[in-house]
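Q: Numbering of the sequence shown is given in my numbering, commencing with residue 512 and proceeding in unit increments.
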Amino acid sequence: MTLKDGERVHLVDRKGRVYALTLRAGKIHQHSGQTIAHDALIGLQDGSSVTLSGGAKFVVLRPTLAEYIMKMPRGAQVIYPKDLATILVWADVYPGATVVEAGIGSGALTMTLLRAVGESGRVVSYEIRDDFAERALENIERYLGKVGHHVLHRKDIALGIEEQDVDRVVLDLPEPWRVVPEAVRALRSGGIFLSYLPTVPQVVQVVEALQGSGAFGMIETFETLQRPWNIEGRSVRPALRMVAHSAFLTVARKLAAPVVIDPDDVPEGR
Ligand code: SAH
């Protein structure tokens, strides 16, 4: 599949620096006083090498979802790719699933969920801020095009989840414990609740809310660390910088009958 008019692409220089642009026939891309016509990029294969007017060399690539997310316009803090990847498996997001999420933020998680559930599934986002909602919708359409399996409610999710028999509820907002009663009502039995929280007091509060509801079992909390490595000749070692903290994931399973699970009974891992 060659690069098309209207598509988002990344130009990557020799040092790995990334510049994002949207291809438009007839337009000229400017970079440090050098230029290249968009028409020279349209029709190229993904991964082609190109040279600007002054000789600077770049590779032109269709961004992966993770690359796109890191370069797209952001208002709210997006979820990092390492956490997006983990969320998909720990919330067990599958093709055809109905997933309720809040808030939409910049749309990073929304896009990840939309791809994972596919067109036979559905992602329902709740968001209280119109400015974030607008930017997120633009970000989503720029990468995924028009999607028919996304619904947005512009409201506080704690005031009510309109959907029933939901497969997964995924929350990236500051007070997910306020949403636990609604998640209990909306989730089908066997459904999964997942929250993404940056601080420990928040995690304690959501876990206590999940335990107190009596509706959840298999409640677990963890974090993941991604440590990049430098592999260059004999310099084979961890990189000098890393993102040392993003957030804790808390995952819980909705049970069929109201029961109180003794946290000491929950097995380590799964
Ligand atoms: N997951 C998003 C980032 C979310 S940032 C991404 O990957 O891009 C948190 C968002 O939650 C913000 O947009 C904020 O406005 C919204 N929010 C906070 N509380 C909310 C609530 N009670 N209901 C709905 N949205 C809420």
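For each residue, glycine too, the CB sits at the ideal point set by N, CA and C.
Source: prediction; values computed, not measured.
Please classify residue 650 as buried or exposed, where buried requires at least 16 other C-beta atoms within 10 Å of its C-beta.
A: By the 10 Å Cβ count, residue 650 comes out buried.
Q: Mind checking whether residue 604 and residue 619 have CB atoms under 8 Å apart?
A: Contact flag unset, no.
Q: Name, in chain order, the residues that DSSP records as bridge partners for residue 542.
A: In the DSSP output, where bridge partners are listed per residue, residue 542 has 545.
Q: Provide the residue span of the beta strand (DSSP E) that contains residue 742, from first to last.
A: Its beta strand (DSSP E) spans residues 740-743.
Q: Terminal residues of the continuous alpha helix (DSSP H) containing residue 693?
A: Its alpha helix (DSSP H) spans residues 691-697.
Q: With 16 as the cutoff for other CB atoms within 10 Å, does residue 622 come out buried or exposed?
A: By the neighbour-count rule (16 or more Cβ atoms within 10 Å), residue 622 is buried.
Q: Quick check: does the Cβ of residue 641 come within less than 7 Å of any heavy atom belonging to the ligand SAH?
A: No, the beta carbon of residue 641 sits no closer than 7 Å to any heavy atom of the ligand SAH.
Q: Does DSSP classify residue 676 as helix, strand or coil?
A: The answer is coil: DSSP assigns residue 676 none of H, G, I, E or B.
Q: Just mark residue 664 as buried or exposed, buried being the case when its beta carbon has 16 or more other beta carbons within 10 Å.
A: Buried is the call here.
Q: Closer than 6 Å by C-beta to residue 524: which residues in its own chain qualify, once you throw out the five before and the five after it? Chain order, please.
A: Around residue 524: 569.
Q: Assuming residue 617 and residue 646 make a contact with CB atoms under 8 Å, what is their CB distance in whole Å?
A: Sure, about 6 Å apart at Cβ, within 8 Å.
Q: Closer than 8 Å, CB to CB, is residue 528 near chain C or not?
A: Note that chain C does not occur in the displayed structure, where there is just one protein chain.
Q: How is residue 589 classed by DSSP in three states: helix, strand or coil?
A: Residue 589 falls in the coil class under three-state DSSP.
Q: Restricting to runs no shorter than 3 residues, where is the beta strand (DSSP E) found entirely within the segment 595-674?
A: Qualifying beta strand (DSSP E) stretches, in chain order: 609-613, 633-637 and 661-664.
Q: Roughly how many whole angstroms lie between the Cα atoms of residue 675 and residue 696?
A: Whole-angstrom Cα-Cα distance: 8 Å.
Q: If you drop the 5 nearest sequence neighbours on each side, which residues of the same chain put their C-beta closer than 8 Å to that of residue 702?
A: 677, 678, 679, 680, 764 and 765, listed in sequence order.
Q: Excluding five sequence neighbours on each side, which residues of the same chain lie with their C-beta closer than 8 Å to the C-beta of residue 748?
A: Within the same chain, residue 748 has close Cβ partners 740 and 741.
Q: Can you grab the Cα-Cα spacing for the pair residue 726 / residue 768, in whole Å?
A: Cα to Cα, the separation comes out at about 7 Å.
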